[in-house]
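Take a look at the structure set out below.
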Amino acid sequence: MTTPGSIEDVPIGGEMIRLGQFLKFAGLLDSGGEVKEVIAEGMVTVNGEVDLRRGRQLHPGDIIEFEGHRRRVQP
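Mapped onto my numbering, the consecutive letters of the sequence shown carry residue numbers 5 to 79.
As structure tokens, this is what we get:
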């Protein structure tokens, strides 16, 4: 369990993952439909900036935030 403002590391087992995949893999959302909706509504940030691309490539060290939950991509 993470505390407010903390960052949870999520190992992806590789060097790259797409934003939509990561949101599900990290347990932030359950379905592709939810992912599409929240990204399109600008509710997800990557490294502090809103990103509207589900296919955005994430790399180790990137920080994703959704509804106050922060996750860092790890290899």
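Glycine residues also receive a C-beta, built at the ideal position from the N, C-alpha and C atoms.
Top-ranked residue by Cα proximity to residue i, from the options
i: glycine 37; options: Phe29, Thr49, Gly24; result: Gly24
i: proline 79; options: Glu69, Pro15, Gly46; result: Pro15
i: glycine 59; options: Val39, Gly52, Glu53, Glu71; result: Val39
i: asparagine 51; options: His73, Glu41, Leu33; result: His73
Alpha helix (DSSP H) segment containing residue i, residue limits
i: isoleucine 43; result: 36–44
i: glycine 24; result: 23–29
Residue span of the beta strand (DSSP E) that contains residue i, given as start and end
i: aspartate 13; result: 11–15
Residues near residue i by beta carbon distance below 6 Å, same chain, minus five either side
i: arginine 75; result: Glu12, Val14, Ala30, Ile68
Three-state class that DSSP yields for residue i in the structure shown
i: glutamate 71; result: coil
i: arginine 60; result: coil
i: glutamate 19; result: coil
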